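The structure appears below as structure tokens.
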Ligand SMILES: Nc1ncnc2c1ncn2[C@@H]1O[C@H](COP(=O)(O)OP(=O)(O)OP(=O)(O)O)[C@@H](O)[C@H]1O
Ligand SMILES: [Mg+2]
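Chains as they are written, first to last, in my numbering: chain U, 2 to 296; chain A, 25 to 348; chain D, 9 to 243.
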């Protein structure tokens with residue numbers, strides 16, 4: 002059996018793959034956070050809960066309505082996006098103009114409500130969710146066996162991130178979004194319905210989190226706590242990348258995921274904290290973050 | 025994000041009233057264990073001190089720390105270890121806990137004050153989560169079990185703390201010490217500079233203040249006082265576990281402060297009392313506590329951002345000023 | 009000369025927070041007219057435009073466009089009623105390139121200029137259409153700010169000091185553009201300190217002082233009133 006730095010190659014690649022998968026979720030979630038923050042100036046603490054809701058939506062659709070994975074990929078984000086739209090209209094929109102910390106506290110409260118409610122109904126233990134039959138099994142890549150579903154998640158997340166990036170950088174809607182991030186009042190004075198844009202952005206960000214949740218369901222178990230623990234890591238990712246750049250958020254997500262996977266190979270005890278350590282180092286060296294601008 | 029507090033100081037008449045009220049409150053606290061369970065009262069006192077320490081930062085410097093559980097829970101571990109494994113005297117153990125929290129505050133604060141506002145909140149949250157992971161892994165915290173069976177011991181080697189009433193009065197004394205320490209800090213020249221930083225950081229910089237040092241100083245003090253609360257809690261309840269270092273605990277102390285009134289001296293105490301009472305009450309029902317805490321968060325943020333005490337002070341101010 | 013005004017402002021008061029800045033401003037602009045607002049620094053010219061647009065929300069009085077009450081409309085509906093706004097600070101977006109900046113304001117009615125017409129009018133913008141908006145020179149940014157509202161089909165545009173800080177040749181170019189717009193029947197409310205420039209295009213002048221309209225006179229009287237103006241404007 003071949004080895005690299007004394008580590009058997011399949012084990013190394015296996016951990017890199019796991020890191021890449023985790024990185025895929027970091028990237029998708031930090032992307033959504035950055036888009037929401039850019040326009041609404043709200044750190045969406047409920048992002049993790051919305052990710053969890055996406056996974057639960059898939060689980061419930063399957064177990065109560067017999068609706069499978071593929072439709073859930075569309076339905077779950079729609080459901081969660083709709084809930085988010087209601088949240089933005091009824092609550093978040095009242096906080097524009099006050100200290101952004103209140104947005105954080107509000108969404109934190111919402112995250113507690115959602116998490117507490119699901120824990121009450123389903124218990125803290127995870128529920129299994131099977132990958133669709135088309136994506137089960139593994140392929141032999143020569144140097145390792147790769148479960149097909151994991152490959153699919155990496156590709157799907159790349160497509161989602163790229164798609165969102167294109168939406169923001171290349172479309173008219175994206176131009177509204179970028180301009181409103183700079184000066185919302187002026188954009189509205191030009192006749193763009195900015196309040197609607199804010200609502201849609203929050204809905205879109207939440208839908209993105211839910212989509213990530215559906216993708217995650219067959220890999221991690223569907224559990225009420227899956228979101229919050231993840232979102233704290235994603236906060237660190239966001240601090241490392243700086244929220245000024247969409248592309249920065251995506252790249253940082255993947256890179257930190259892979260670094261975390263590598264740490265698991267070389268120094269497993271540190272793997273759960275490596276991202277936080279990197280965050281602290283980045284803050285000491287470059288406080289604005291790798292891709293951020295000083296504000 | 026804070027409510028003005030110089031108000032009381034500016035009103036001589038109210039000042040005497042508030043001193044009378046303060047004396048009455050202390051008398052009430054001395055008599056309380058004859059009417060309520062001392063254990064619950066001590067729990068309120070520990071959390072009230074924790075919330076006051078947290079409020080020192082958010083209310084008077086404008087920094088929202090989302091990681092204060094690290095200091096509270098971290099100190100609890102240190103105190104529990106000192107009392108149980110090293111067999112130290114309880115007060116020494118508690119002070120060691122507070123000192124440990126101060127050191128952690130120095131480290132976490134040093135990193136976190138590089139960013140402001142919302143980033144500061146995220147960074148403190150992330151660093152405290154890192155600390156929670158470390159606590160889960162290092163042997164001295166005993167992982168999921170925590171440190172159990174911590175002896176209350178004899179205060180200064182003389183006074184038996186296993187007596188509930190004695191323990192209560194010692195806890196009360198520690199609480200009052202912490203509370204007045206905060207009062208002194210807030211009303212000192214140092215405290216005035218903190219408030220100036222909160223009002224307008226740029227101006228404070230241009231006046232020549234080394235803003236980062238003041239922020240770090242306040243952060244360390246706040247951490248040490250949170251540690252004082254956590255260490256006391258470890259002696260009172262005779263254990264230290266992961267619960268106290270996790271993000272939920274940071275959330276709880278934010279809620280207590282927000283509910284009572286950010287930037288008011290007694291708001292955090294009121295908030296801590298209410299939240300503990302609610303938790304005790306709900307423990308008997310099967311309504312999930314987390315959901316209720318979340319609901320209170322949402323209501324506070326949407327309807328009364330000044331908190332209970334803050335809203336009352338605002339009402340009084342409007343009345344005395346005759347503002348419509 | 010007796011047709012109802014296109015834009016009618018009556019007794020307009022406006023506040024920045026607690027500070028009361030406009031005190032009962034009256035203003036009429038008829039279809040196709042170019043009106044210039046004069047006044048020294050801090051007189052309230054920009055505030056008047058911001059109040060008309062609804063960017064400044066705390067207002068009282070009457071603002072009507074073709075009889076439609078603008079005061080009640082949410083901000084984005086004001087532009088949709090047919091007003092284009094060129095702010096004093098120009099408001100070019102750094103995260104958009106020139107062509108995205110140009111295309112940003114949504115069309116509000118038929119009859120706006122086509123992109124080709126605009127690029128014919130401003131060849132520099134065409135050349136630099138994929139540059140970042142804020143990488144343009146000051147003059148180019150001003151042209152972009154003007155060009156941006158020509159596409160939308162707005163029938164009236166509010167221009168806030170378009171020549172401020174620009175070189176004479178550029179001022180000249182902007183003057184030509186305004187004359188061309190006038191020829192097309194565009195209604196223009198212009199804020200300008202440079203009244204030699206304003207004279208070329210203005211049909212009428214309003215004079216502001218301390219948040220009030222103190223005088224109004226037709227364009228041809230400008231020369232005769234120079235002394236009076238110098239006194240009020242302190243130039
Ligand atoms: N954002 C603001 N907040 C408070 N007061 C303001 C604000 N903007 C302007 N003002 C005040 O309102 C008054 C009118 O200002 P405005 O900008 O309308 O003047 P202006 O006539 O456009 O002057 P300039 O020729 O310098 O552009 C001034 O006294 C100014 O100080
Ligand atoms: Mg002006």
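Ideal placement from N, C-alpha and C gives every residue a C-beta, glycine not left out.
Just so you know, these numbers come straight off a predicted model, no measurement behind them.
A Cβ of chain U is located within less than 8 Å of the beta carbon of residue 116 of chain D. Relative to ligand 2, the nearest heavy atom lies less than 7 Å away from the CB of residue 169 of chain D. According to DSSP, residue pairing for residue 221 of chain D in a beta bridge involves D:216. Ligand 1 approaches residue 24 of chain D closely enough that one of its heavy atoms is under 7 Å from the residue's Cβ. Among the residues facing chain U, residue 24 of chain D is not included, as its CB has no counterpart in that chain under 8 Å away.
Here residue 91 of chain A is near residue 132 of chain A, since their CB atoms are less than 8 Å apart. Annotation: residue 70 of chain U is outside any beta strand (DSSP E); the continuous alpha helix (DSSP H) that includes it extends over 70-91. Bridge pairing for residue 165 of chain D: D:92, D:196 [DSSP]. Between residue 145 of chain A and chain U, the shortest Cβ-Cβ separation is below 8 Å. For residue 107 of chain D, the enclosing alpha helix (DSSP H) starts and ends at 106-111. Taking a beta-carbon distance threshold of 8 Å, residue 118 of chain U counts as an interface residue toward chain A. By the Cβ neighbour-count rule, residue 280 of chain U is buried, with 16 or more other Cβ atoms within 10 Å of its own. Look at residue 172 of chain D here: in three-state DSSP terms it is coil, with no helix or strand label. DSSP places residue 256 of chain A within a helical segment (H, G or I) once states are collapsed to three.
The beta-carbon separation of residue 158 of chain U and residue 53 of chain U, rounded to 17 Å, does not stay under the 8 Å limit for a contact.
Under the Cβ criterion (8 Å, minimum of three pairs), the segment 259-277 of chain A counts as touching the segment 99-114 of chain A. Residues of the segment 37-51 of chain D with a C-beta less than 8 Å from any C-beta of chain U: none at all. Separation of residue 28 of chain D and residue 50 of chain D (C-alpha to C-alpha, rounded to the nearest whole angstrom) is 13 Å. Along the segment 135-180 of chain A, the alpha helix (DSSP H) occurs as fully enclosed runs of 4 or more residues at 141-161, listed in sequence order.
Bridge pairing for residue 28 of chain D: D:23 [DSSP].
Interface residue (Cβ-Cβ distance to chain D less than 8 Å): residue 189 of chain U is classified as such. When beta bridges are read from the DSSP output, residue 183 of chain A appears opposite A:179. Short note on residue 54 of chain D: C-beta closer than 7 Å to some heavy atom of ligand 1. Residue range 146-148 is occupied by the beta strand (DSSP E) that includes residue 148 of chain U. Cβ contact annotation for residue 225 of chain A (same chain, cutoff 8 Å, sequence separation greater than five): 140, 235, in chain order.
Residues of chain U whose Cβ lies closer than 8 Å to the Cβ of residue 103 of chain D are, in chain order, 179, 180, 182, 183.
The Cβ atoms of residue 223 of chain U and residue 22 of chain U do not sit closer than 8 Å to each other. In this model, residue 86 of chain D and residue 192 of chain U are separated by some 7 Å (Cα to Cα). Out of D:235, D:230, D:237, D:221, the CA that lies nearest to the CA of residue 18 of chain D is found in D:221. Residue 72 of chain D is bridged by DSSP to D:16, D:77. Here the distance from the Cβ of residue 97 of chain D to the nearest heavy atom of ligand 2 is not below 7 Å.
Between residue 295 of chain A and residue 283 of chain A the beta-carbon gap is near 4 Å, inside 8 Å, which marks them as a contact. Secondary structure of residue 46 of chain D (DSSP, three-state): strand. Judged by their CB atoms, residue 244 of chain A and residue 81 of chain A are not nearer to each other than the 8 Å cut-off. As for any beta strand (DSSP E) of minimum length 3 sitting wholly inside the segment 97-150 of chain U, the runs are 139-141, 146-148, ordered along the chain. By a beta-carbon distance limit of 8 Å, residue 102 of chain D contacts residue 141 of chain D. Their separation comes to about 6 Å.
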